[in-house]
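With my numbering applied, the sequence shown closes on residue 173, and no number is skipped along the way. In this text, a Cβ means the ideal position worked out from N, Cα and C, and glycines have one as well. Since this is a predicted model, take the numbers as computed values, not measurements. Below is one structure; the comments refer to it alone.
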Amino acid sequence: MPYVLDGILLSLACKSIDNISCLQVKDEAQQLAQIFETVGAFKVKRKGGKGKQIFGSVTPQDLVDIIKAQLQRDVDKRIISLPEIRETGEYIAELRLHPEVTARVRLNIYAN
Numbered sequence: 062m063p064y065v066l067d068g069i070l071l072s073l074a075c076k077s078i079d080n081i082s083c084l085q086v087k088d089e090a091q092q093l094a095q096i097f098e099t100v101g102a103f104k105v106k107r108k109g110g111k112g113k114q115i116f117g118s119v120t121p122q123d124l125v126d127i128i129k130a131q132l133q134r135d136v137d138k139r140i141i142s143l144p145e146i147r148e149t150g151e152y153i154a155e156l157r158l159h160p161e162v163t164a165r166v167r168l169n170i171y172a173n
């Protein structure tokens with residue numbers, strides 16, 4: 062349930078009257094997004110099948126594990142949006158770090 066104060070809509074995420082804490086959270090999300098986007102591509106190895114096919118698929122939890130291993134950052138898998146990945150190749154994943162901040166990371170899927 063949002064609050065209205067002098068015509069300004071304050072969401073529940075920004076409960077405090079001073080908007081400084083909300084701006085700090087957004088700034089931290091923007092800094093984290095910049096880190097994710099400058100990393101380059103995350104490499105994911107999967108057991109290969111025929112042609113470009115891989116066994117199974119790549120899930121948001123797989124990306125969480127890779128981010129934890131490579132960047133030592135904890136990310137909730139619910140903020141990750143992945144296309145269906147069932148073949149080798151390059152894909153783009155989106156991480157919704159804040160309602161106004163989305164990071165896009167590249168995934169390179171390889172078959173071993």
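May I ask which residues mark the beginning and end of the alpha helix (DSSP H) holding residue i?
i: L132; result: 121–132
Residues in the same chain with beta-carbon distance under 6 Å from residue i, minus the five sequence neighbours each way, listed in chain order, please.
i: A74; result: Only weak support is given to the placement of A74: the predicted model assigns it a pLDDT of 46, under 50, and the question is left unresolved by the model.
i: K138; result: P121, Q122, V125
i: S142; result: E155
i: K104; result: N169
With distances taken from CA atoms, which of the options is nearest residue i?
i: I140; options: A130, Q131, G150, R165; result: R165
i: L45; options: G110, P144, K111, K108; result: What is shown of the chain runs 62 to 173, which leaves residue 45 out entirely.
i: C83; options: Q95, R167, P160, A172; result: P160
i: E151; options: D88, A90, G101, R134; result: G101
i: T149; options: E89, F116, Q133, Q95; result: F116
Which first and last residues belong to the beta strand (DSSP E) in which residue i is found?
i: K106; result: 102–107
Which residues does DSSP list as the beta-bridge partners of residue i?
i: I141; result: L156
i: G110; result: Paired residue(s): none; G110 is not in a bridge.
i: V48; result: Because the chain here runs from 62 to 173, residue 48 falls outside it and cannot be looked at.
i: N169; result: K104, E151
Note down, in chain order, each residue of its chain lying with its Cβ closer than 8 Å to the Cβ of residue i, except the 5 sequence neighbours on either side.
i: E228; result: In the structure as shown, the chain begins at 62 and stops at 173. Residue 228 is therefore absent and cannot be evaluated.
Suppose the cutoff is 7 Å on Cβ atoms and the five residues either side in sequence are ignored; what does the same chain contact list for residue i look like?
i: I146; result: S118, V119, Y152, I170
i: K129; result: D135
i: K106; result: Y171, N173
i: V162; result: K87, A90, Q91, A94
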